[in-house]
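Residue numbers (this note's numbering): 158 to 539.
Written below as structure tokens is the structure these notes are about.
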């Protein structure tokens, strides 16, 4: 350590690891805070938001800001904590093995939630089994006092087991200990009942966000709430006051058309979930504006083709695509008269402005680097 006037400089071998080490030390001083960590291939941020809303019905809760969910962002979030908080809901993302292990070492979660295992990050991890292994690193410091909550509808998560810690599985198809019943999907909301271990509960849950995938996310949050001894009335109140991070299925009703802004990020699973939401929104013409999905590795072409096919089979009247996988979308959508391709985002935005019509519903979605929020901004200015 060298001193410069009144300041000191500490030389370390790895600044990122030093940041994590400092966060781990500071986390150890926060004796009364429960940490809930959230990870998964898709739905991490939405589940974080919903879980926070449920827990806020009883506790003072801190949650990860925006997308501060990596080995730099997570420590910065931990440093914002103090003992006035009861719970911290911390999001953990990754692109390779051992990243979540290092974050879990710093955060030491009491409860962990895994939303699903998809094909994002195949570029580095090569197989979904390796993605599962990387996500399960969130439990590396678990013991009999810890709880893992997973989406039992996911094929890989449905088979997860452990004798070391408690596992709760949730499901919309009867595959878990906590299951959704009587599911009704509305344009901008959903409602459902649940059963627990086969016993139906009378409480009806209403969520203020659209899509079956958000019911799946809400079941994870309900399971977390129950583990923290929150009553059903309080959980319901939390679910009716969800505050979602921006650019995630934000439905903007304009005078003549509707924009579904899901432009923050994209994967095959989240693309399909967004298409499902658009199906429930009344409109004369359903338009999807899709761009590149990153980190799919050798499955990139097939992933984009699969989304194109799903769009064709689920009511998309016009598909507009931008980027390097236009050909893959075209192979799946298989209707050249209703598929328009562009290489640049700004050209696509200009075209959409020229053809948008009264009654249209426009879904806008791509990986973050494509800056599709610029398309949304231009449409909102019409």
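Glycine included, every Cβ here is placed at the ideal spot set by N, Cα and C.
In the DSSP assignment, residue 326 falls within the beta strand (DSSP E) that extends over 323 to 328.
Secondary structure of residue 305 (DSSP, three-state): strand. In the structure shown, the three-state DSSP call for residue 461 is helix. Residue 390 and residue 292 have their C-alpha atoms spaced approximately 32 Å apart.
Taking all protein chains shown into account, residue 166 has fewer than 16 neighbouring C-beta atoms within 10 Å of its C-beta and is therefore exposed.
Exclusion of the five residues before and after residue 458 leaves 485 as the residues of its chain whose Cβ lies within less than 6 Å of its Cβ. The beta carbon of residue 264 lies closer than 7 Å to those of 184, 192, 194, 231, 235 and 247 in the same chain, with the five residues before and after it left out. For secondary structure counted as the beta strand (DSSP E) over 3 or more consecutive residues, the segment 461 to 533 holds these complete runs in sequence order: 475 to 479, 496 to 499 and 517 to 522.
Distance check between residue 407 and each of 386, 534 and 281 places 534 closest, using alpha-carbon atoms only. Around residue 420, the same chain offers 404, 521, 522, 523, 529, 530 and 533 as residues with beta carbons nearer than 7 Å, after the five sequence neighbours per side are excluded. For residue 423, there is no enclosing alpha helix (DSSP H), as DSSP marks it with neither H nor E. Between the alpha carbons of residue 233 and residue 256 lies a gap of roughly 16 Å. Counting along the chain, residue 208 sits inside the alpha helix (DSSP H) bounded by residues 201 to 212. Residue nearest to residue 376 within the set 169, 400, 348 and 478 is 348 (criterion: CA-CA distance). By the CB criterion at 8 Å, residue 518 and residue 440 fall inside the cutoff. Following the DSSP letters along the chain, one finds residue 220 inside the beta strand (DSSP E) bounded by residues 218 to 220.
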